[in-house]
Amino acid sequence: MPKRYLLEPTSPFVDFLTEEPIVAVTAYDYPSGRICDEAGVDVVLVGDSLGMVVAGLPDTTEVTIEMMCHHTRMAARGVREALVIGDLSADSYNTPDEALSNASSLIEAGAHAVKLEGGLGQIAKVEALIRSGIPVCGHLGMLPQRVKEEGGYKKKGKTDDEAAKLQAAALALEKAGVFAIVLESVTAATASALTDALHVPTIGIGSGIGCGGQIRVLHDLVGGYPWFVPPFAISYANVADDTRNAIHSYRRKVQDGDKT
Numbered sequence: 037m038p039k040r041y042l043l044e045p046t047s048p049f050v051d052f053l054t055e056e057p058i059v060a061v062t063a064y065d066y067p068s069g070r071i072c073d074e075a076g077v078d079v080v081l082v083g084d085s086l087g088m089v090v091a092g093l094p095d096t097t098e099v100t101i102e103m104m105c106h107h108t109r110m111a112a113r114g115v116r117e118a119l120v121i122g123d124l125s126a127d128s129y130n131t132p133d134e135a136l137s138n139a140s141s142l143i144e145a146g147a148h149a150v151k152l153e154g155g156l157g158q159i160a161k162v163e164a165l166i167r168s169g170i171p172v173c174g175h176l177g178m179l180p181q182r183v184k185e186e187g188g189y190k191k192k193g194k195t196d197d198e199a200a201k202l203q204a205a206a207l208a209l210e211k212a213g214v215f216a217i218v219l220e221s222v223t224a225a226t227a228s229a230l231t232d233a234l235h236v237p238t239i240g241i242g243s244g245i246g247c248g249g250q251i252r253v254l255h256d257l258v259g260g261y262p263w264f265v266p267p268f269a270i271s272y273a274n275v276a277d278d279t280r281n282a283i284h285s286y287r288r289k290v291q292d293g294d295k296t
């Protein structure tokens, strides 16, 4: 049975996820979604990081909601048990009405919930989505959709002031009704403090082990994107080299006249 019951913020969702660390993986298509689900992950995130990992873009800012719906539809087809979260892409939730329209498209594509970036400025949008029955996951810390405004990817929560602002945003998101919050590139101490301050679970990426769970990009886990590996990512396989070697072997066979 799909874990849809986990979407109710007042249900056993929080207790379930905080008793045992959440295992979340970002995937972008049917085979990766299916493999993640068969491997027993709790959450499959169809992330806008597909801009870099799949589309070869320099960042996530050019990803469109149409791209997100397309990849969500593919990934969701492979998932039977895990919770599927779809990212709202940059500039797809500038107003509550726009957020609702585009979040509804992600749900129609197969997502069980949506994720959006930002804190206090997003509360009205979060509330509008939840009033309409769409579960929302928050995202604080380093916000990839704002990389151009911030001049790069920067660690968050280094100072007391930054930590206090993150906590205020996290508590506001929780009050608005999010069921979880992704903490990206937040200092380990601040991420741990945020986790302790919240009732909803946190899911960390590059934010230390004090979160309620972790999320990683599938391509990082399997060594499928060798051109850039985040410093916090551990590759447990070398799919890029294996694929390259397989193609070399095939090419040599063809060139040697072997038609099999």
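Residue numbering for the sequence shown is 37 to 296, as defined by our numbering.
Note that beta-carbon positions come from the ideal geometry of N, C-alpha and C, so glycine has one too.
Check	Outcome
Use the C-beta contact count for residue 195: other C-beta atoms within 10 angstroms, 16 or more gives buried, fewer gives exposed.	exposed
If you draw a straight line from the C-alpha of residue 30 to the C-alpha of residue 285, how long is it?	With the chain covering 37 to 296 only, the question about residue 30 has no answer from this structure.
Could you tell me the alpha carbon to alpha carbon distance between residue 226 and residue 181, rounded to whole angstroms?	22 Å
Report, in whole angstroms, the separation of the C-beta atoms of residue 166 and residue 147, which I expect to be a contact under 8 Å.	Contact doesn't hold; Cβ gap of about 15 Å is too wide.
Quick check on DSSP: helix, strand or coil for residue 151?	strand
At what residues does the beta strand (DSSP E) containing residue 175 begin and finish?	172 to 177
With distance defined between alpha-carbon atoms, name the residue in 283, 268, 289 and 256 nearest to residue 274.	256
For residue 160, tell me which candidate among 139, 131 and 175 has the shortest Cα-Cα distance.	131
For residue 136, which residues of its own chain have a beta-carbon under 7 Å away from its beta-carbon, when the five flanking residues on both sides are left out?	164, 165 and 168
Considering just the uninterrupted stretch of the beta strand (DSSP E) at residue 136, what are its terminal residues?	Premise fails: residue 136 lies in the alpha helix (DSSP H), 132 to 144, not in any beta strand (DSSP E).
Can you tell me which of the three DSSP states residue 87 falls into?	helix
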